[in-house]
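2 protein chains.
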Amino acid sequence: MNRSLILLDHDEYTLRLSRMQQAVASCADAAILSDKATLYWLTGRVFAGFVYVPADGTPLFGLRRCVQFESDGVTAERKIEDFARHVAAAMPAPGQLALEMDSSSYSAVARISAAFAAQWPDTETVNAGAALRAMRAVKTPQQIEMMRRSGLRQEAVYRRIPAIYTPGMTDYELQVEIERESRLEGCLGQFRTAGDEMELFMGNVLTGDNADTPSPYDFAMGGAGMDPSLPVGADGSVIRRGCTVMVDVNGNYTGYMTDMTRTYRLGDIPAEALRAHELSREICRRLAEMGTPGRPAREMYETALGMAREAGLEHRFMGHRQQAGFVGHGLGIEINEAPVIAPRSRDILAEGMCIALEPKFVIAGVGAVGIENTYVVRADGRPMECITNAPEEIIDLDK
Amino acid sequence: MNRSLILLDHDEYTLRLSRMQQAVASCADAAILSDKATLYWLTGRVFAGFVYVPADGTPLFGLRRCVQFESDGVTAERKIEDFARHVAAAMPAPGQLALEMDSSSYSAVARISAAFAAQWPDTETVNAGAALRAMRAVKTPQQIEMMRRSGLRQEAVYRRIPAIYTPGMTDYELQVEIERESRLEGCLGQFRTAGDEMELFMGNVLTGDNADTPSPYDFAMGGAGMDPSLPVGADGSVIRRGCTVMVDVNGNYTGYMTDMTRTYRLGDIPAEALRAHELSREICRRLAEMGTPGRPAREMYETALGMAREAGLEHRFMGHRQQAGFVGHGLGIEINEAPVIAPRSRDILAEGMCIALEPKFVIAGVGAVGIENTYVVRADGRPMECITNAPEEIIDLDK
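Which chain is which? The protein sequence lines are A and B, in order. Numbering-wise (the working numbering), the first sequence opens with residue 143 and increments by one. Numbering-wise (the working numbering), the second sequence opens with residue 143 and increments by one.
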């Protein structure tokens with residue numbers, strides 16, 4: 143058994159720590175971090191505890207459980223107050239201490255603040271959220287490789303979807319069988335999200351007019367869901383002839399997620415639906431070409447909306463009764479990382495960012511059409527690399 | 143389509159609102175609430191938005207999405223600042239305003255506080271967390287009925303487990319097939335938790351020595367998991383002869399969850415394992431008898447620990463290499479509601495509380511044994527009602 147808390151190889155850990163220390167230095171003199179996504183980002187392992195990261199120097203880890211990982215610089219600490227004492231005995235007082243105010247509860251931040259204020263009364267606390275979000279937006283080559291591996295396995299599942307479908311199935315039944323295929327392929331099921339605007343199981347399957355039912359969640363598409371306690375996605379509708387089925391079941395196979403959507407149909411569908419689907423593919427291609435370092439994310443959204451408008455499909459773009467206000471989003475450990483491809487986004491693309499683009503359309507009486515792919519931003523003016531490569535055409539489930 | 147935001151019938155909504163207003167009155171003059179579990183508790187529907195609940199009078203709702211539910215007292219509000227203006231125009235300034243400081247992020251609470259401070263500079267903000275937690279611990283008869291319905295469907299799935307098993311299966315493969323059966327039975331998959339100490343997919347299946355692997359999460363049992371990004375539960379071990387398989391796959395069929403664990407075996411297992419399993423059943427029976435209104439939760443934990451000690455199984459109780467510090471927990475919309483059955487718990491049982499008891503043991507070289515049931519606290523000195531009634535004996539998968 144590996145008894146080291148740090149699961150990453152030495153070079154990767156050194157790289158990530160140096161990037162984290164740059165992020166800390168951009169907002170404070172040190173940070174105290176405990177969000178599971180942050181700890182996993184730094185160490186390659188989810189654990190329960192804290193890490194104190196000085197902008198310069200060696201971090202100190204405190205474990206609330208799994209004390210088998212105790213070692214040099216890694217101590218068992220049941221309470222944050224004990225950890226604060228330990229840190230203060232070993233480290234000089236920082237002028238500013240950054241905390242994860244966007245992801246930790248008010249009560250948790252208040253307790254951490256109080257624990258460190260008891261040791262360092264003159265230290266000011268600030269929010270690490272924006273700096274960590276920007277740090278996580280840019281993936282290391284090893285993280286990108288983990289995303290590529292997720293994409294390959296998600297693609298393998300999607301290639302099996304036509305064989306999974308049986309006549310008379312509901313959207314929900316098809317979803318359950320896709321979930322099973324995903325799990326057997328090694329999908330971890332877990333779908334981490336940042337903030338309070340999302341709740342979801344493994345993904346969504348939408349058919350017919352259910353695609354036009356507004357949902358309270360901040361996803362591209364809606365759906366009534368099976369129960370008012372989780373009002374999103376499949377609602378148990380039978381997949382009917384002349385309708386589409388949009389499959390957006392997530393791909394978390396490595397701790398790093400890919401996002402891919404494909405559209406299927408049962409028999410013939412109207413020309414408008416086919417045209418909108420081709421437009422979605424064309425928008426993805428165009429945005430992938432635009433997606434070079436230095437590009438404002440906002441411009442990509444404007445281009446997508448402009449193409450929808452030019453095709454007379456603006457009122458069907460990203461929903462119909464309720465329209466989502468974005469066309470893409472960063473992703474990695476969480477499904478909604480930076481950048482966001484939206485009209486008021488101030489994000490600027492950089493090499494190593496991973497972005498899901500999902501220009502989708504809702505066609506009345508038919509359902510949702512369009513695709514979603516996950517891309518990596520590259521240097522040297524090359525288009526973004528697509529890492530979710532299942533066939534993009536609408537496949538007829540009747541064949 | 144139901145166009146009313148409130149999905150509950152009139153009497154149930156009146157009952158819940160009055161209980162919420164008592165909770166608000168116990169800590170403040172009004173509350174502003176936005177946690178999805180809280181909104182679902184009050185309305186029977188998850189939505190994106192806010193509710194302003196005065197200790198006395200009519201609440202005001204603000205919707206961030208799904209504006210089809212706009213009506214009297216329900217307005218569309220993109221931003222909390224707009225909602226605060228709207229509320230302040232309609233309501234007198236409260237002396238104290240309670241916010242969900244335990245479940246909302248620091249940044250979200252700070253933004254809500256600032257929005258209301260701009261309207262009501264003399265209003266003080268306080269934490270609604272403890273009062274809401276106490277409120278939710280006691281279920282209404284209608285909520286208990288929803289839990290009973292979850293329990294019946296979870297039981298139906300558990301009865302099919304021996305037929306699902308095929309020789310040579312790994313713990314993970316068995317889990318995937320149980321997940322599929324659960325989903326086909328209508329399990330929503332979603333598994334809401336309070337706080338940051340848990341992350342989980344649909345539940346856990348543990349076999350052999352993997353049951354003794356410590357996990358960073360605050361669950362009764364551990365397990366290495368399939369990946370360091372989700373280190374809990376099945377690790378891909380083949381289910382071996384002479385070992386047990388513990389199945390703890392959650393039952394959220396109605397928005398209200400039940401928790402049930404059953405143990406299986408492949409062929410014969412040592413006498414110590416059989417004895418520990420029978421002790422788990424005996425602890426459940428004893429605690430169910432003790433579980434009457436007015437009972438300190440702490441006493442139930444002490445009784446369970448005392449019984450384990452008397453049987454010489456204390457060092458195997460609730461884990462071995464790492465032991466969990468509780469034997470039961472409240473549940474409902476979230477899997478870890480009040481009360482907690484633990485040594486330092488200050489919770490007192492009350493009629494209508496729903497509690498999962500899970501006295502489990504880890505036997506070296508064999509695996510985990512024991513059961514878990516969900517119970518309802520009743521009046522009149524009767525034992526708690528068990529609502530998860532699959533057979534409790536260890537079933538041999540080899541038969």
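Here a beta-carbon is modelled for each residue, glycine too, at the ideal position from N, C-alpha and C.
Asked: Range of the contiguous beta strand (DSSP E) that encloses Ile536 (chain B); Found: Where Ile536 (chain B) is concerned, there is no enclosing beta strand (DSSP E), given that its DSSP letter is neither H nor E.
Asked: Interface flag, Asp224 (chain B) vs chain A, CB-CB below 8 Å; Found: no
Asked: DSSP three-state assignment for Ala480 (chain B), whether helix, strand or coil; Found: strand
Asked: Opening and closing residue of the alpha helix (DSSP H) in which Lys178 (chain A) lies; Found: 178–185
Asked: Same chain only: Cβ atoms within 7 Å of Tyr314 (chain A), ignoring 5 sequence neighbours per side; Found: Met368, Ala376, Gly378
Asked: Chain A contact residues for Pro373 (chain B), given Cβ-Cβ distances below 9 Å; Found: Arg187, Val188, Phe189, Cys208
Asked: Distance between Gln210 (chain A) and Thr217 (chain A) (C-alpha atoms, nearest Å); Found: 10 Å
Asked: Within 8 Å of chain B by C-beta, residues of the segment 145–159 of chain A in sequence order; Found: Leu149
Asked: Short Cβ contact (8 Å threshold) for Val511 (chain A) with Ala418 (chain A); Found: yes
Asked: Cβ neighbours of Asp244 (chain B) in the same chain (closer than 6 Å, five flanking residues each side left out); Found: Gly271
Asked: N-terminal and C-terminal residue of the alpha helix (DSSP H) that Pro304 (chain B) is part of; Found: 303–306
Asked: Chain-ordered chain A contacts of Val251 (chain B) [CB-CB under 7 Å]; Found: Tyr248
Asked: Pro283 (chain A) (DSSP reduced to helix, strand or coil); Found: helix
Asked: Residue from A:Met162, A:Arg407, A:Gly186, A:Val193 whose Cα sits closest to the Cα of Ser176 (chain A); Found: A:Val193
Asked: Closer than 8 Å to chain A by CB, Met388 (chain B); Found: no
Asked: Chain-order list of residues whose beta-carbon lies under 6 Å from that of Leu202 (chain B) (same chain, five-residue window excluded); Found: Tyr194, Gly215, Val229
Asked: Where Asp369 (chain A) falls: helix, strand or coil (DSSP); Found: coil
Asked: 8 Å contact criterion, which Arg382 (chain A) and Leu408 (chain A) should meet: CB distance rounded; Found: 7 Å
Asked: Euclidean distance between Cα positions of Cys329 (chain A) and Arg206 (chain B); Found: 32 Å
Asked: Test: Met526 (chain A) CB closer than 8 Å to a CB of chain B; Found: no
Asked: Within chain A, the residues that Pro356 (chain B) reaches when beta carbons sit closer than 9 Å; Found: Arg207, Cys208, Val209, Gln210
Asked: Environment of Thr308 (chain B) [buried if 16+ CB atoms lie within 10 Å]; Found: exposed
Asked: Own chain partners of Met289 (chain B) with C-beta closer than 8 Å, once the 5 adjacent residues on each side are dropped; Found: Lys281, Thr396, Tyr398, Met399, Thr400, Gly474, Cys496, Thr516, Val518, Ile529
Asked: Proximal residues to Pro373 (chain B) (C-beta, below 7 Å), its chain only, five neighbours per side dropped; Found: Ser357, Pro358, Ala366, Gly367
Asked: Rounded distance between the beta-carbons of Thr349 (chain B) and Thr403 (chain B), thought under 8 Å; Found: In fact, because the Cβ distance is near 13 Å, the residues do not count as touching under 8 Å.
Asked: Proximal residues of chain A, C-beta to C-beta of Val318 (chain B) below 7 Å; Found: Arg322, Arg325, Leu326
Asked: Partner residues on chain A for Met368 (chain B), Cβ-Cβ distance less than 8 Å; Found: Gly328, Leu330
Asked: Where the segment 255–270 of chain A meets chain B: residues whose CB sits under 8 Å from a CB there; Found: Asn269
Asked: In chain order, each beta strand (DSSP E) run of at least 3 residues that lies wholly inside the segment 223–261 of chain A; Found: 238–241
Asked: With 16 other Cβ atoms within 10 Å as the buried cut-off, status of His457 (chain B); Found: exposed
Asked: Beta-carbon spacing of Gly467 (chain B), Leu499 (chain B) below 8 Å; Found: no
Asked: Residues bridged to Cys208 (chain B) (per DSSP); Found: Cys208 (chain B) is not bridged to any residue.
Asked: CB of Glu476 (chain B) within 8 Å of CB of Arg334 (chain B), strictly; Found: yes
Asked: Neighbour flag for Ser487 (chain A) against chain B, beta carbons, 8 Å; Found: no
Asked: Sub-8 Å separation of Pro236 (chain A) and Ala170 (chain A) beta-carbons; Found: yes
Asked: Closest Cα partner of His462 (chain B) within the set B:Glu339, B:Met363, B:Trp183, B:Ser371; Found: B:Met363
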